[in-house]
Amino acid sequence: MLAHLSAWFWDERLWFPSGLGWADLQDRDGHSYAKGSDLWVTLPIALAFLIIRQIFERSVALWLASVLGVRERVRVQATSDPTLEAYFCNTSKHPAQSTLESLSKQTGCTELQIQRWFRRRRNQERPNQIKKFKEASWRFIFYLLAFLAGLVALVDVSTPKLDQPAEIVYVIVLTLLPSQYWYYMIELGFYISLLFSVASDVKRKDFKEQIVHHVATILLISFSWCVNYIRAGTLIMLVHDASDYLLESAKMFNYAGWRKTCNYIFIVFAAVFFITRLVIFPFWIMHCTWVYPVTIYPPFFGYYFFNGLLLVLQCLHIFWFALILRMAIKFLPGNHIVEDERSDREETDNSEEEEEAAGHRKEGQAKMENGPLQNGHSPTNNHHRKTE
1 MLAHLSAWFW DERLWFPSGL GWADLQDRDG HSYAKGSDLW VTLPIALAFL
51 IIRQIFERSV ALWLASVLGV RERVRVQATS DPTLEAYFCN TSKHPAQSTL
101 ESLSKQTGCT ELQIQRWFRR RRNQERPNQI KKFKEASWRF IFYLLAFLAG
151 LVALVDVSTP KLDQPAEIVY VIVLTLLPSQ YWYYMIELGF YISLLFSVAS
201 DVKRKDFKEQ IVHHVATILL ISFSWCVNYI RAGTLIMLVH DASDYLLESA
251 KMFNYAGWRK TCNYIFIVFA AVFFITRLVI FPFWIMHCTW VYPVTIYPPF
301 FGYYFFNGLL LVLQCLHIFW FALILRMAIK FLPGNHIVED ERSDREETDN
351 SEEEEEAAGH RKEGQAKMEN GPLQNGHSPT NNHHRKTE
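What follows is the structure in C-alpha cells.
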C-alpha cells in the first residue's frame with residue numbers, strides 16, 4: 001500500500017508538464033540539479049538553529065539589551081487566593097460581571113479588588129520585555145544576514161532578468177549553484193526551527209496566521225526545490241527578507257524605549273513591505289508564475305499547487321498590511337507612539353483609579369436620581385427640623 005501511495009505521490013504527471021519528468025533533473029555533463037533527498041539536510045540545520053538561538057539569546061541578546069537600555073517593567077504580583085486561582089486556570093481569565101458578584105461572595109472581596117486581582121494575574125502570564133527583545137534580536141540578525149545572502153544570489157549570473165519571465169519559471173534547464181543550494185537549505189532550516197519553537201515564542205494575536213505562514217513557506221520552499229523552481233523560490237524568499245529585518249529592528253528599539261527611532265524605522269518598513277509584498281510579489285513574481293507558464297504548456301497539478309501556495313502568502317500579506325495601516329494611524333496628530341497591533345497590551349494598575357472613579361460616578365448618579373440631599377438625607381427621609 002505504501003509503495004502504491006509513494007508511486008502515486010511522485011507521479012511525474014502531477015508535478016511536471018507533459019514531456020518532462022524526474023529523469024530530466026539527473027546530474028549530467030558536469031551540471032547539478034536540485035534533488036528531493038537534499039532536503040534532509042535541513043533537519044540538522046534546524047536543530048543547529050535552535051541551539052545557536054539559545055546561546056545567542058543568553059549572551060549576545062542580553063548584551064544588546066543592556067547596551068540599548070531595555071528595562072523590565074515592575075509588575076505587582078497577584079495575592080494568593082485558591083478560589084480565584086482555580087477560576088483563572090480552569091474557567092476564564094476574563095470573568096463576566098455576574099461572575100464577579102459570585103466570586104465576591106465566595107472570597108469576601110469587593111468586585112474592584114477581584115478585577116484588580118485578575119488584571120495582575122493576567123500580567124504575570126504575559127512575556128516580559130527582555131524575552132520579547134531577545135526574540136526580536138534573534139530574528140533581526142537572521143533576516144538581515146538572509147537578505148544579504150539573497151542579494152548575493154540575485155547578482156548571480158544565473159539569476160533571471162526582469163524582462164525575461166521564462167527565465168523564472170522554466171523548470172529543467174536551470175543548473176544548481178552553490179550559493180542557491182545554501183541559501184535554500186539555510187532558509188528552509190530556519191523556518192522549520194521557527195515551527196518547532198512556536199510553542200515557546202511570544203504568542204501574538206496573529207498566532208494562527210503565523211502558523212499558516214510557516215507551513216506554507218516550508219511547503220513552498222520544499223516544492224520549488226524538488227521541481228527545480230530555484231530561481232522563482234530565490235526571488236520569493238528575497239522579497240520576504242527585504243522587510244522582515246526592518247520590522248524586527250523596530251521592535252527592538254520599541255522595547256528599549258527609543259520611540260522616535262522605532263517610528264522612523266517603522267515608516268521605512270511599511271514602505272518596503274508595500275513595495276515588495278503588495279506590488280513586486282503579486283504583479284511581477286506571481287504574474288510570471290501564474291500567467292506566463294500556460295503560454296508554454298497546459299496547466300498541471302504542480303502548477304496549481306505552487307501558485308496556490310503563493311496565493312495563500314498573498315492573502316497573509318494583505319492581512320498583515322491591514323495591521324500595518326492600523327499602526328500607521330498612530331502617526332496622525334496627537335499620536336506619537338507606534339505599538340505592535342499583534343501584541344497584547346499590558347494592563348496597568350493605573351486603570352484601578354479609573355474603575356474606582358467610575359464606581360463613584362455611578363453612586364453619584366444613583367443619588368442624583370433620588371433627588372438632592374438635605375442634611376445628608378433625601379427629601380423623603382428628612383426628619384430633621386429646621387432650627388430657628
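Going by the UniProt record's numbering, the first residue of the sequence shown is number 1, and it counts up by one from there. Where a beta carbon is used, it is the ideal one built from N, C-alpha and C, also for glycine.
Own chain residues within Cβ distance below 7 Å of residue i, not counting five before or after
| i | result |
| --- | --- |
| E57 | K134 and W138 |
| E355 | In this prediction, E355 scores a pLDDT of 45, lower than 50, which makes its location untrustworthy; no coordinate-derived value is stated. |
| I324 | A270 and F273 |
| D201 | E135 |
| G189 | T42, I45, A46 and F49 |
Three-state secondary structure assigned by DSSP to residue i
| i | result |
| --- | --- |
| R231 | helix |
| A3 | helix |
| H31 | strand |
| T110 | coil |
| E352 | For E352, the predicted model reports a pLDDT of 44, less than 50, meaning its position is unreliable; a value from the coordinates is still stated below. Of the three classes helix, strand and coil, the one that applies to E352 here is helix, per DSSP. |
| I296 | coil |
| E369 | In this predicted model, E369 has a pLDDT of only 47, less than 50, meaning its place in the structure is not dependable enough to derive any value. |
| G302 | helix |
| A322 | helix |
| P44 | helix |
| residue 391 | Because the chain here runs from 1 to 388, residue 391 falls outside it and cannot be looked at. |
| G150 | helix |
| D11 | coil |
| G19 | coil |
| R259 | helix |
| K251 | helix |
| K362 | Only weak support exists for where K362 lies, its pLDDT of 44 falling under 50; the value from the coordinates is given anyway. DSSP places K362 in helix when its eight states are reduced to three. |
| S102 | helix |
| R121 | helix |
| Q26 | coil |
| T217 | helix |
| S179 | helix |
| E72 | coil |
| V198 | coil |
| S80 | coil |
| V155 | coil |
| E346 | Here E346 scores only 49 on pLDDT, less than 50, and its place in the model should not be relied on; the value that follows carries that caveat. Reduced to three states, the DSSP call for E346 is coil. |
Alpha carbon of residue i to alpha carbon of residue j, nearest angstrom
| i | j | result |
| --- | --- | --- |
| Q54 | T83 | 37 Å |
| Y303 | W290 | 8 Å |
| H94 | A61 | 34 Å |
| I230 | L14 | 18 Å |
| L310 | D241 | 16 Å |
| F118 | I211 | 29 Å |
| P17 | P298 | 7 Å |
| V239 | F281 | 7 Å |
| P178 | E187 | 14 Å |
| F283 | S80 | 58 Å |
| W258 | I218 | 34 Å |
| H214 | K105 | 47 Å |
| L144 | T276 | 16 Å |
| W22 | V67 | 53 Å |
| H317 | L220 | 16 Å |
| C315 | V227 | 24 Å |
| E248 | G19 | 45 Å |
| F300 | E12 | 10 Å |
| K386 | S92 | Note that K386 has pLDDT 42, beneath the 50 cutoff, so the model's placement of it is unreliable and no number is given. |
| K35 | Q26 | 8 Å |
| M237 | L103 | 53 Å |
Per DSSP, cross-strand counterpart(s) of residue i
| i | result |
| --- | --- |
| R277 | Paired residues: none, contrary to the question. |
beta-carbon residue i near the ligand HEM non-hydrogen atom, thresh 7 Å
| i | result |
| --- | --- |
| W290 | The ligand HEM is not among the ligands present in this structure, which contains no ligands whatsoever. |
Cβ-based neighbour list, residue i, same chain, cut-off 6 Å, excluding 5 preceding and 5 following
| i | result |
| --- | --- |
| K251 | A136 |
| A149 | Y183 |
| L194 | H214 |
Beta-carbon separation (whole angstroms), residue i vs residue j, contact threshold 8 Å
| i | j | result |
| --- | --- | --- |
| S197 | L50 | 6 Å |
| E72 | I130 | 6 Å |
| I141 | T42 | Wrong, their Cβ atoms sit about 19 Å apart, outside the cutoff. |
| L5 | S222 | In fact, because the Cβ distance is near 18 Å, the residues do not count as touching under 8 Å. |
| Y245 | F147 | 6 Å |
| T175 | S32 | 6 Å |
| A232 | L313 | Rounded, the Cβ-Cβ distance is 13 Å, inconsistent with contact. |
| G69 | A256 | 6 Å |
| R121 | F88 | 6 Å |
Chain-order list of residues whose beta-carbon lies under 8 Å from that of residue i (same chain, five-residue window excluded)
| i | result |
| --- | --- |
| N307 | M286, T289 and W290 |
| T234 | G150, A153, L154, T159, Q180, Y183 and Y184 |
| A3 | none |
| T107 | D81, T83, L84 and I114 |
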